[in-house]
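*Asks:* Once you've had a glance at the structure underneath, I'll fire off some questions.
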Amino acid sequence: MSPAPPVSAVSLVRDHTVYSCVMGSRAFGLATDGSDTDRRGVFLAPSPLFWRFEKPPTHVEGPAEEQFSWELERFCALALRANPNILECLHSPLVEYADDTGRELLALRQAFLSRRAHETFARYAQGQHKKLDADVRTYGAPRWKHAMHLLRLLMSSRDLLRTGTLTIDVSEQREPLLAVKRGEVPWSEVESWMSRLAAEADEAADHSPLAPEPDHARVEDFLFRVRRASALQGADGVLRPPGALRTSPDAVQADPDDEGVQSVVRGGGVRQH
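The C-terminal residue of the sequence shown carries number 281 in my numbering, and the numbering is unbroken.
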């Protein structure tokens, strides 16, 4: 069998996306009239493409404006390391598309969550805080939009550690957060709010219901089955769903009737605020 022909980055996103969602202010419940629509997605590069010297990209920017996608393996690896941006993408309330593989990925959301999130979210927040401090020293004020989003991240982190569930919609705090974005709250008060949220996250981490580590085995089994199905499809042209190639009795395939996943997929329209 001859090797698979090269595939353009655009066609990987166009033809092989398994999951896509809206992120940014619209997903966070903080959108205003001028807010962009940020789209994030996951594509599955066909397995035969990995048999070439030149491997498929781990991520693709575009083709639309404000669009960014990750190859499935890269996405899973980052999620297992509790990357805040990746975990939030997986928990967007605005799902625009999910095929069978995408629905199974959504059903694995809990497998990626662990107490590692405390360290990664806190480290990310500290880095963002340093940038805001630098702005204050240089310009006399922070970038207020970034300050708002840092507060939002700290809220999500604290609540994740408290409940074991990552919720990124903070519309209950919409007005106080938008006041920060407009620069109506003194920087000293914003910093105090940030410090309080960070302390609450530290306290929650001591008795969090989250597992100490993510479920690597469950995620790896999912990835193996998806890759194998793609390889067999490339070999004989017959599409086989990942669940049909389950290799472990403990592997869980997303049930098409799973209410938790289906309600997100069906309700995935972009909300306007």
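Just so you know, even glycine gets a beta-carbon here, dropped at the ideal spot from N, CA and C. In this text the structure is predicted, and so the values were computed from the model without any measurement.
Can you give the beta carbon distance from residue 77 to residue 48, rounded, assuming they're within the 8 Å contact cut?
*Replies:* Contact flag correct, Cβ pair sits at about 7 Å.
*Asks:* Going residue by residue through the stretch 81-167, where are the continuous beta strand (DSSP E) segments of at least 3 residues, counting only ones entirely within it?
*Replies:* Whole beta strand (DSSP E) segments, 3+ residues: 103-106.
*Asks:* Given that a residue counts as buried once 16 or more other Cβ atoms are within 10 Å of its Cβ, and exposed if not, what is residue 32?
*Replies:* Buried, since its Cβ has 16 or more Cβ neighbours within 10 Å.
*Asks:* Around the Cβ of residue 137, are there at least 16 other Cβ atoms within 10 angstroms (buried) or fewer (exposed)?
*Replies:* Result: buried.
*Asks:* Can you have a look at residue 235 and say buried or exposed, based on whether 16 or more other CB atoms are within 10 angstroms of its CB?
*Replies:* With 16 or more other Cβ atoms within 10 Å, it is buried.
*Asks:* Tell me which residue opens and which closes the alpha helix (DSSP H) that residue 292 is part of.
*Replies:* Since the first residue shown for the chain is 9 and the last is 281, residue 292 is missing from the structure and cannot be characterised.
*Asks:* What first and last residue would you give for the alpha helix (DSSP H) that runs through residue 200?
*Replies:* Per DSSP, residue 200 belongs to the alpha helix (DSSP H) from 195-213.
*Asks:* Which residues share a DSSP beta bridge with residue 76?
*Replies:* 48 and 69.
*Asks:* Kindly confirm or deny that the stretch 199-214 and the stretch 58-78 touch, where touching means at least three C-beta pairs closer than 8 Å.
*Replies:* Contact fails: fewer than three Cβ-Cβ distances are below 8 Å.
*Asks:* Quick one: give me the first and last residue of the beta strand (DSSP E) that residue 26 is part of.
*Replies:* Taken as a continuous stretch (DSSP letters only), the beta strand (DSSP E) holding residue 26 covers 25-31.
*Asks:* Round the Cβ separation of residue 202 and residue 169 to the nearest angstrom and send it over; I've been treating them as touching at under 8 Å.
*Replies:* Going by Cβ atoms, the distance from residue 202 to residue 169 rounds to 16 Å, so no, they are not a contact pair.
*Asks:* Express the C-alpha separation of residue 122 and residue 59 in angstroms, rounding to a whole number.
*Replies:* Rounded to the nearest angstrom, the two C-alpha atoms are 34 Å apart.
*Asks:* I'd like to check one pair, residue 222 with residue 120: are the Cβ atoms closer than 8 Å?
*Replies:* Result yes, Cβ atoms of residue 120 and residue 222 sit closer than 8 Å.
*Asks:* Roughly how many angstroms separate the alpha carbons of residue 191 and residue 156, rounded to a whole number?
*Replies:* C-alpha separation (whole angstroms): 10 Å.
*Asks:* Residue 189: which of 22, 108 and 43 sits nearest, CA to CA?
*Replies:* Per the Cα distances, 43.
*Asks:* To the nearest angstrom, how far is the alpha carbon of residue 135 from that of residue 198?
*Replies:* Going by the C-alpha atoms only, they are around 16 Å apart.
*Asks:* Three or more beta-carbon pairs under 8 Å between the stretch 21-41 and the stretch 87-107, yes or no?
*Replies:* The stretch 21-41, when compared against the stretch 87-107, does touch it at the 8 Å Cβ threshold.
*Asks:* Just to confirm the assignment, what range does the alpha helix (DSSP H) spanning residue 39 have?
*Replies:* Counting along the chain, residue 39 falls outside any alpha helix (DSSP H), and DSSP gives it neither H nor E.
*Asks:* To the nearest angstrom, report how far apart residue 75 and residue 153 are at their CA atoms.
*Replies:* Between residue 75 and residue 153, the C-alpha separation is close to 20 Å.
*Asks:* Using the Cα positions of residue 233 and residue 18, report the straight-line distance between them to the nearest angstrom.
*Replies:* For residue 233 and residue 18, the distance between alpha carbons rounds to 25 Å.
*Asks:* Should residue 27 go down as buried or exposed, given a rule of 16 or more other Cβ atoms within 10 Å for buried?
*Replies:* By the neighbour-count rule (16 or more Cβ atoms within 10 Å), residue 27 is buried.
*Asks:* Can you tell me which of the three DSSP states residue 238 falls into?
*Replies:* Note: residue 238 maps to helix in three-state DSSP.
*Asks:* Is the beta carbon of residue 109 closer than 8 Å to that of residue 174?
*Replies:* For residue 174 and residue 109, no; Cβs fall outside 8 Å.
*Asks:* Between residue 79 and the rest of its own chain, which residues show a CB-CB distance below 7 Å, the 5 nearest in sequence each way excluded?
*Replies:* Answer for residue 79: 51, 53, 64, 65, 66 and 67, listed in chain order.
*Asks:* Output yes or no for whether 8 Å exceeds the beta carbon distance between residue 161 and residue 151.
*Replies:* Cβ atoms of residue 161 and residue 151: not closer than 8 Å.
*Asks:* Buried or exposed for residue 125, please, with buried defined as at least 16 other CB atoms from any protein chain shown within 10 angstroms of its CB.
*Replies:* By the neighbour-count rule (16 or more Cβ atoms within 10 Å), residue 125 is buried.
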